[in-house]
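Colleague: Dropping the structure in here first, questions after.
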Amino acid sequence: MKKYILFLILIISIKTGAFAQQSALFSQYMFNEFVINPAIAGTHDYYQIRLNNRYQWVGIDNAPITAALSVYGPHNSKPMGWGGYLYTDSQGPTSKMGIYGAYGYNIVLKNDLNLSMGLNIGLIQYKIDPEKIEFLEDEDPTFIAKKYSYIKPDATVGLYLYSTRLFAGFSADQLFNNKIEVEKDTAYTGNATFSRLKTHFTLVGGYKFNLNRDFDMEPSMLFRAVTRSPLQVEITVRTIFRKMAWLGVSFRSSDAVALMLGYNYKDQIYIGYSYDITYSKLRYEGGGSHEIMIGARFNKIRNSRAKF
1 MKKYILFLIL IISIKTGAFA QQSALFSQYM FNEFVINPAI AGTHDYYQIR LNNRYQWVGI
61 DNAPITAALS VYGPHNSKPM GWGGYLYTDS QGPTSKMGIY GAYGYNIVLK NDLNLSMGLN
121 IGLIQYKIDP EKIEFLEDED PTFIAKKYSY IKPDATVGLY LYSTRLFAGF SADQLFNNKI
181 EVEKDTAYTG NATFSRLKTH FTLVGGYKFN LNRDFDMEPS MLFRAVTRSP LQVEITVRTI
241 FRKMAWLGVS FRSSDAVALM LGYNYKDQIY IGYSYDITYS KLRYEGGGSH EIMIGARFNK
301 IRNSRAKF
């Protein structure tokens, strides 16, 4: 009985928003913005592939592990682009996997200023596995661990305003507010408990300043908003050396400070690493978070209408 009650507490926590951040979280979001905003598709004049892996709160059992793989690029001659991405996100007894296809259309507003509009559509699989819950007491023979798995449609819309140095984007994901329901149990409560995948709104913006022949500086801000959850703010500053190597620091409200570095080999291969120093109460339970990014550019389109 105790295990069943604890399992209900887990599900009710999901329902009431204790796990409100349901979308993938990356400190190096600026190197794979396509995952959070489909309008990025077609804003560059080349194709690219990006892989992000994040290991959060190292030292805490069943801490979140997130990965995202994306491929996207422009049309040969028209002001549009497309792409797709796959991601997985596991947190203890819950896991989520999504696969999406995206389309973006670009409009030249004036001179170097452009606006892109994007949409992605896909499927998500959401799983709950009570067997992965660890308890301090011995096995309860009355508890029957039943697994739940759901496949739901999903979509994200986005806008992206950009020039050579300026960028600003807005996106809204999990538009369908899908319901994740734990089936009715007649033995204990007689009721069904469920959670909804809430829409997440993301606003991001930044500007690249040329300091001298060798150095550029790029400050940026990101805001995440979810219904009935505190607004999360990220402030990031990167210093870029000869468009080849970079160092950066990022502050995420109520969570962590991230240190990051990266290298660009001949404008074709990218690699980046970041380490989150947690300053929330979780710092007493485990270590920080590690994140690795690997990317590549290929198949540059000479006649592309992309400007970025």
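If you're matching positions, the sequence shown starts at 1 in my numbering and goes up one per residue.
Where a beta carbon is used, it is the ideal one built from N, C-alpha and C, also for glycine.
Smallest Cα separation from residue 295: which of 26, 24, 32, 197?
Modeller: Answer by Cα proximity: 32.
Colleague: Below 8 Å between beta carbons: does that hold for residue 95 and residue 127?
Modeller: At a Cβ-Cβ threshold of 8 Å, residue 95 and residue 127 count as neighbours.
Colleague: I need the straight-line Cα distance from residue 30 to residue 292, nearest angstrom please.
Modeller: 13 Å
Colleague: Which term fits residue 236, buried or exposed, when burial requires 16 or more other beta carbons within 10 angstroms of its beta carbon?
Modeller: buried
Colleague: Out of curiosity, what's the CA-to-CA distance linking residue 156 and residue 216?
Modeller: Taking the straight line joining both Cα atoms gives about 32 Å.
Colleague: Is the beta carbon of residue 65 less than 8 Å from the beta carbon of residue 27?
Modeller: no
Colleague: Residue 272 and residue 58: beta carbons closer than 8 Å?
Modeller: no
Colleague: Measuring alpha carbon to alpha carbon, tell me which of 163, 167, 175 ends up nearest residue 154.
Modeller: Ranking 163, 167, 175 by Cα distance to residue 154 puts 175 first.
Colleague: By Cβ distance below 7 Å, which residues in the same chain neighbour residue 242 in space, the five residues on each side in sequence not counted?
Modeller: Non-local beta-carbon contacts of residue 242 in its own chain, meaning distances under 7 Å to residues more than five positions away in sequence, involve 214 in chain order.
Colleague: Is residue 281 helix, strand or coil when you go by DSSP?
Modeller: helix
Colleague: Measuring straight from C-alpha to C-alpha, what distance separates residue 277 and residue 283?
Modeller: 8 Å
Colleague: Is it right to say residue 164 is buried, meaning 16 or more other beta carbons lie within 10 angstroms of its own, or is it exposed?
Modeller: exposed
Colleague: For residue 212, count the other beta carbons within 10 Å of its own beta carbon; 16 or more makes it buried, fewer makes it exposed. Which is it?
Modeller: exposed
Colleague: In whole angstroms, what is the alpha-carbon distance linking residue 208 and residue 36?
Modeller: Cα to Cα, residue 208 sits roughly 21 Å from residue 36.
Colleague: Under 8 Å by Cβ, that's how I've got residue 40 and residue 72 pegged, so tell me the actual separation to the nearest angstrom.
Modeller: 7 Å
Colleague: Under a three-way DSSP split, which group does residue 30 fall into?
Modeller: helix
Colleague: Go to residue 204, then tell me how far its beta strand (DSSP E) extends in each direction, as first and last residue.
Modeller: 200-207
Colleague: Among residues of its own chain, excluding the 5 on either side of residue 186, which ones have a beta-carbon nearer than 8 Å to its beta-carbon?
Modeller: In this prediction, residue 186 scores a pLDDT of 48, lower than 50, which makes its location untrustworthy; the coordinate-derived value is nonetheless stated afterwards. Correct list: empty, nothing qualifies.
Colleague: Could you tell me which residues DSSP pairs with residue 91 in its beta bridges?
Modeller: 94
Colleague: What are the boundary residues of the beta strand (DSSP E) that residue 238 is part of?
Modeller: Element bounds for residue 238: 232-241.
Colleague: How many angstroms separate the CA atom of residue 233 from the CA atom of residue 88?
Modeller: 23 Å
Colleague: Once DSSP output is grouped into helix, strand and coil, what is the label at residue 301?
Modeller: coil
Colleague: At the level of alpha carbons, what is the spacing between residue 172 and residue 199?
Modeller: 6 Å
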